[in-house]
Amino acid sequence: MHSRLRAFGTIGFAIMALLTSLPFAMGAAQDSATPAATPDAPVVVVRDVLSSTEPESAPGEVLALVEYTIPAGAVLIVHTHPGVQMATVEAGTLTYHVIENGSAPVTRADGTEEIIGPGENTTFQVGDSFVEPEGMVHYGENLTDEPVVLMVASLFAADEPAAIPFDVATPAA
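Numbering (the numbering used here), first residue to last: 1 to 173.
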């Protein structure tokens with residue numbers, strides 16, 4: 001567990017501490033299909049909400065711990081989030097693109113830190129973690145034959161969907 005916390009970096013440790021110190025509305029894990037589509041074919045990303053709560057310290061916000069499974073060959077739509085989201089790669093390899101309106105701080109599994117800015121892309125491996133600030137336009141794709149599994153902590157506006165499509169064509173894979 002200690003190596004996983006190091007991979008998150010300082011910001012990740014603070015969020016993990018917040019997650020463990022807040023009272024949670026624990027319920028049964030729920031699987032739901034979150035559609036993510038390319039212009040050619042729809043793909044289904046599995047969104048498994050492990051825990052969520054509306055913290056008193058953040059009125060109108062939902063704090064959630066979610067596991068996403070992205071199938072092999074999937075290209076996600078270009079999108080933003082209605083709040084901050086932090087992720088770590090649990091399995092697979094994710095190709096990640098930042099389009100505009102922000103940068104993604106990254107902590108690699110070996111502790112190396114970097115920033116992925118507008119117009120840049122990278123590949124995330126198991127143990128890598130990254131932060132997606134509110135409103136940053138981005139997308140990911142799984143160019144492998146294996147699913148990608150992400151463990152995600154998010155603090156989003158309660159009345160917004162987890163992903164908001166952005167009006168830009170998703171590049172063909």
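Beta carbons: idealized from backbone N, C-alpha and C, even for Gly. Because the structure is a prediction, the values reported are computed rather than measured.
Look at the alpha carbon of residue i and the alpha carbon of residue j, and state the distance between them as a whole number of angstroms.
i: I115; j: L65; result: 24 Å
i: E113; j: V106; result: 6 Å
i: G83; j: D145; result: 31 Å
i: T174; j: V168; result: The structure shown has nothing for residue 174, since the chain only spans 1 to 173.
i: A91; j: M151; result: 10 Å
i: P147; j: T53; result: 28 Å
i: A72; j: E141; result: 9 Å
i: H97; j: A74; result: 14 Å
i: T95; j: F156; result: 24 Å
i: A158; j: T93; result: 30 Å
i: V62; j: V43; result: 26 Å
i: G60; j: G111; result: 34 Å
Taking the alpha carbon of residue i as the point to measure from, which residue in the options has its own alpha carbon closest?
i: A109; options: E134, L50, V126, T122; result: V126
i: G186; options: V62, P71, A104, E90; result: Since the first residue shown for the chain is 1 and the last is 173, residue 186 is missing from the structure and cannot be characterised.
i: V46; options: L76, A58, G135; result: L76
i: L143; options: I70, E61, L150, E54; result: I70
i: A163; options: M151, L150, Y139; result: Y139
i: V78; options: T93, A87, I99, L94; result: I99
i: V49; options: D159, S154, F166, E160; result: S154
i: G117; options: P59, F124, M136, D128; result: M136
i: F124; options: N101, T88, T80, G60; result: T88
i: F166; options: P59, H81, G60; result: H81
i: E134; options: G60, A58, G102; result: G102
Using the beta-carbon count (16 or more within 10 Å), is residue i buried or exposed?
i: E132; result: buried
Who does residue i pair with in a DSSP beta bridge?
i: G140; result: Y96
i: T80; result: I164
i: P59; result: Answer is none; P59 lacks a bridge partner.
i: N101; result: DSSP, once it has assigned bridges, lists no residue as partnering N101.
i: L65; result: S51, A153
i: A87; result: F130, V152
Anyone know if the C-beta pair for residue i and residue j falls short of 8 Å?
i: V149; j: E67; result: yes
i: S129; j: M86; result: yes
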